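Note sheet for the following structure.
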Amino acid sequence: TTNELKDIFLSLAKSFLGTSPSTVIRDDLTAMLAGFDFVSASDGGIFAGNSLSWNLGDLQCGETRQVTFTMQPRLCGTNPGDYPNSAVVTNGIGSSNNSNQTQVKLLLPNLTISVTDNASLAKVGQQLDFVVHVANTGDGNSGVFTAEYLAPEGLEILPNSISAGGVLTAGGKVAWQLQLAPGEEQDLTLSTIVKDSVADGYSDMVSIARLSTGCGSIESSDRTQAFKEVTPDPDYTLRVDCVNYREGKIEAFFGYQNNLSDLQPLDESELSPANADGHAPKVLRSGNYEQAFSASASSEVITWSTSVAGESQAVTADRNSPACPATPATPQMPSYPPTDIVIGGPKVDVPASQSPNFPPAVLISGSTKLALCNTR
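Just add 3 to wherever you are in the sequence shown, counting from 1, and you've got this note's numbering.
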């Protein structure tokens, strides 16, 4: 069988009277070399071309000689079956014999590999269990080979889940060193987790199982769909802007932002404040798809909820909400000193910062002075 040496024995017996001079054994190995490699020969055998020969010299009457040679079955590029071999013996007086053909049976392995998992669709964070199945369906021993599992980008291998003998390496690969007798099979197992880094929505993940020998490799694949749920952007946003506490009552200011251009601004009936003294909220401003509302309550909490275009939201204002800034004092109007104007004299320009958008009122008019009042 493959990876085993085959010893072939050639026996020669002299059964005639007298000496056999210059006795030579020749073995044509052409047929066997299609599935075997020559290794060695006993008794000074010479391998040249496709032929093996021994020069045994003279054989005496009744003398028996035996020579051997060894062939190595070739795993790669050969076919199982019977390989014929025959030898011929000659001597210096023209005697010969070649009626000794034999058949050497070559047994080869046939290795297969497959990979399967326990789900055709998996969500982010879900565990997937894989089985890598290897089998030798041939007649010969496999020799040592490597079975591997290669994870796709979207799966993370769980190290503690790998079956005996498996070694996890960088790049998401697990490898086992195996040897199977004819008819033997084995399941190799591991588990993975779907990573959050997979693309939004549905995406394909392809796992690869690979079997490698000295002659090359074969692969099998398993396809799984990953699903990552996408949270759509809300059509609108309801928020707490700030709160005031005055005399045991809470006054809350809420903001409403439309996120869709076709969503109309809210009116008071579309907001439902809880604990808001039983009245609808007051609209403070509205425009450009943004509004502000206020409401007050005797309790320390106000919860507002909305339901617009089939989408509901709720926000709560309490002592943990940001405080409103202090109300600024009413600004004092600035005063300016009177300006002397000489009647009939040069024109006096009043700075633009002190000029209103309408003519000033004339308060006093005299021969040399004019008092004006600006409103800003």
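Idealized CB from N, CA, C, for every residue including glycine. As the structure is a computational prediction, the values presented were derived from the model and not from experiment.
Check your understanding: Leaving out five residues before and five after Lys231 in sequence, what residues of the same chain have Cβ atoms less than 6 Å from its Cβ?
Key -> Val127, Val201, Asp203
**Study point:** Minimum C-alpha distance to Ser145 - residue among Val27, Leu131, Ser215
**Key:** Ser215
Check your understanding: Does the distance from the CB of Ser89 to the CB of Gln75 come in under 9 Å?
Key -> no
Review point. Are Val134 and Glu151 close, meaning C-beta to C-beta below 9 Å?
Key: no
Exercise for review: Classify Arg322 as buried or exposed, calling it buried when 16 or more other Cβ atoms lie within 10 Å of its own Cβ.
Suggested key: exposed
Check your understanding: Any idea what DSSP makes of Leu62, helix, strand or coil?
Key -> strand
Practice item. Assign Leu214 to one of three DSSP states: helix, strand, or coil. Key: strand
Practice item. Grab me the residues of His282's own chain with a C-beta within less than 6 Å of its C-beta, minus the 5 sequence neighbours each way, in chain order. Key: Low local confidence applies: a pLDDT of 45 at His282 is under 50, so the model's placement there is unreliable, with the coordinate-based value given in what follows. Counting only Cβ-Cβ distances below 6 Å, and skipping sequence neighbours, we find nothing.
Review point. Between which two residues does the beta strand (DSSP E) harbouring Cys327 extend?
Key: It is not in any beta strand (DSSP E) - Cys327 carries neither H nor E in the DSSP assignment.
Practice item. Please decide whether Val318 counts as near chain D, where near means a Cβ-Cβ distance under 9 Å. Key: Absent here is chain D; the protein component of the structure consists of one chain.
Point to revise | Within 9 Å, strictly: CB atoms of Phe39 and Leu109 | key: yes
**Study point:** Bridge-paired residues (DSSP) for Met35
**Key:** Paired residues: none, contrary to the question.
Check your understanding: Where does Ala229 land, buried or exposed, given buried means 16+ other C-beta within 10 angstroms?
Key -> buried
Practice item. Name, in chain order, the residues that DSSP records as bridge partners for Asp225. Key: Ser210
Review point. Is Asp199 buried or exposed, if buried means 16 or more other CB atoms sit within 10 Å of its CB?
Key: exposed
Check your understanding: In terms of alpha-carbon separation, which member of Ala320, Asn113, Ser315 lies closest to Gly386?
Key -> Nothing can be reported for residue 386: it is not among the residues displayed for the chain, which extend from 4 to 379.
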